[in-house]
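For reference, the structure is listed below as structure tokens.
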Amino acid sequence: MDATRRGTLFLIGGGLLGGGLLGALLGPARAETAGGTLFLNAYATAAASPEYGVAALDGAGGVRFSAPTPGRAHGVVPHPARAEAVAFARRPGRWFMPLSLVDGRPGPVIRAPEDRRFTGHGAFSADGRLLYVAEDDVPREAGSIGVYDAMDGYRRVGAMPTHGLGPHELLMIADGTVLAVANGGVITHPDTGRAKLNLDEMDSSITYVEVSSGKLLDQVRLPEEHANLGIRHIAALADGGIAFGAQDERPIGMLQPLTGTHRPGGGAVRLFETPEDELSRFEGYIGSVAADKGKVAASSPKGGIIGVWDDATGAWLGAAALPDGCGIAPDGDGFLASSGLGDLRTVGTAPALPGAGLRLADFRWDNHMTRFAV
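Numbering of the sequence shown is given in our numbering, commencing with residue 3 and proceeding in unit increments.
And the structure:
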């Protein structure tokens, strides 16, 4: 059987759907391999009472290790200077947890302050000394960035504003001097869980925050006719800009662009072109965004589709079907994708966007996949 991930099946653990896979995900860590690329993805088991964790897939699709988490995890960010990553709880989150990228060993769980809730994502400083965590400042109903000392057990050392509402994903850009923040524009409260409390007055934006001071450097919103869209996910572009994906928080009965790009200081956003028949398949929802080699990919688990655009022109390149597909990460000339039904597949280049994969029926991959070099 072809053992490359471009073949017909992924080879995972010691077997396809039986004890080899189960042991690889939930049992002891696999032996280390030198070099290469890993893909991190949170998961839940398919049991009636699911267990939660983070798994690392290697370049051949094998599970290098898994790490249990205190609850359902969301985003995972690798440390830039040591073999460690941090997994964040799904919003409204009360914890994040470091884990070893050597063997998956979990570190001490870090709890949110009583007046804060983590919102699923974070970013390290360029030198890895600090971790910046997206959070809601609950009493003030404002977006916040918690600052944690990664050299001192992730001790909380401060906070700064996102200058927006409902922050979700954030990225370090501009050589580590600026945080780009996707502010979804929606207020939630711990007493009501994930209920959205201000849809009639939502205020979504992308903000650029100076790391050294917390100062707002730039802020951009979608055109007024798209003010019902919440920008929640972003990905870094090679030229210093960002790609973004939005979701329709207050449907108005018309198709609207859900993806685009922005360059700090560059004025208005560029909205991507998508054929109407394809755009309708996204069902007004983008769950994850990735960018690499001049292309942007965005997923819709609701629509079961992954679209690809040219990042310079915004032109539509094509789509691939993936039911409940959400996690995406750069992979060679294309992207690797995961789904909540247990699928792993590749998404190639236009026009056909071919892919190959395997359904791992015992597992449910969560929303985000992260690629990093070992």
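Cβ atoms here follow ideal geometry from the backbone N, Cα and C, with glycine treated the same way.
- Message: Between the alpha carbons of Glu278 and Pro141, how many angstroms are there, rounded?
- Response: Annotation: Glu278 to Pro141 spans about 42 Å, alpha carbon to alpha carbon.
- Task: Inspect the beta-carbon positions of Ile175 and Val271 and report whether they are closer than 9 Å.
- Result: no
- Message: What does DSSP give as the partner residue(s) for Ser290 in the beta ladder?
- Response: Ser301
- Message: Just to confirm my understanding: we take Ile326, look at its own chain, exclude 5 residues before and 5 after, and list those with CB closer than 6 Å. What are they?
- Response: Strictly speaking, residue 326 in this sequence is Asp, with Ile absent from that position. Closer than 6 Å at the Cβ level, and outside the excluded window around Asp326, lie Pro303, Ser341, Gly342, Leu343.
- Task: Check whether the stretch 111 to 118 touches the stretch 94 to 101, taking contact to mean three or more Cβ pairs, one atom from each stretch, closer than 8 Å.
- Result: yes
- Which partner residues does Pro100 have in the DSSP bridge list? Val88
- Message: Here's a check: name, in chain order, each residue in its chain whose Cβ is nearer than 7 Å to the Cβ of Leu239, leaving out the five neighbours to either side.
- Response: Ala245, Thr263, Ala293, Asp313
- Please state whether DSSP places Ser282 in a helix, a strand or coil. helix
- Query: Going by beta carbon distance, what residues of the same chain come within less than 6 Å of Ala46, once the five residues before and after it are set aside?
  - Reply: Pro52, Tyr54, Arg366
- Relative to the alpha-carbon of Ala44, which residue among Asp139, Asp220, Asp151, Gly106 has its alpha-carbon at the smallest distance? Distance from the Cα of Ala44 is smallest, within the candidate group Asp139, Asp220, Asp151, Gly106, for Gly106.
- What residue does the beta strand (DSSP E) around Asp220 start on, and which one ends it? 218 to 222
- Item | Rounded C-alpha distance that separates Arg118 from Gly286 | 29 Å
- Task: Give a yes or no on whether the C-beta atoms belonging to Ala248 and Arg265 are separated by under 9 Å.
- Result: no
- C-beta atoms of Phe41 and Ala58 nearer than 9 Å: yes
- Query: Looking only at C-alpha atoms, which of Ser301, Gly109, Glu251, Ala317 sits nearest to Asn230?
  - Reply: Glu251
- Query: CA-CA distance, Ala26 and Val65?
  - Reply: In this predicted model, Ala26 has a pLDDT of only 34, less than 50, meaning its place in the structure is not dependable; the value taken from the coordinates is given anyway. Their Cα atoms are separated by approximately 6 Å.
- Message: Using only the alpha-carbon positions, how far apart do Thr164 and Arg92 sit?
- Response: Each residue's Cα considered, the two are about 19 Å apart.
- Between the Cα of Phe90 and the Cα atoms of Pro82, Ile236, Ser102, His76, which residue gives the shortest distance? His76
- Just the C-alpha distance for Arg373 and Ser127, rounded to the nearest angstrom, thanks. When only Cα atoms are considered, Arg373 and Ser127 end up about 18 Å apart.
- Task: Report the rounded CA-to-CA distance for Pro94 versus Leu181, giving the unit in angstroms.
- Result: 21 Å
- Please name the residue in Ile236, Leu172, Asp241 whose C-alpha comes closest to that of Glu212. Leu172
- Task: Enumerate in chain order the residues of its own chain whose CB-to-CB distance from Gly29 is below 7 Å, with the five nearest sequence positions on each side excluded.
- Result: Per-residue confidence for Gly29 stands at a pLDDT of 32, beneath the threshold of 50, marking its modelled position as unreliable; no derived number is given.
- Own chain partners of Thr261 with C-beta closer than 6 Å, once the 5 adjacent residues on each side are dropped: Gly247, Phe274, Ala300
- Where the beta strand (DSSP E) through His264 begins and ends: 261 to 264
- Query: When we look at the beta-carbon of Met137 and count the other beta-carbons within 10 Å, is it buried (16 or more) or exposed?
  - Reply: Checking the sequence shown, residue 137 turns out to be Glu, not Met. Buried, because 16 or more other Cβ atoms sit within 10 Å of the Cβ of Glu137.
- Measure the beta-carbon distance from Asp368 to Arg74 and round it to whole angstroms, keeping in mind my assumption that it falls under 8 Å. 7 Å
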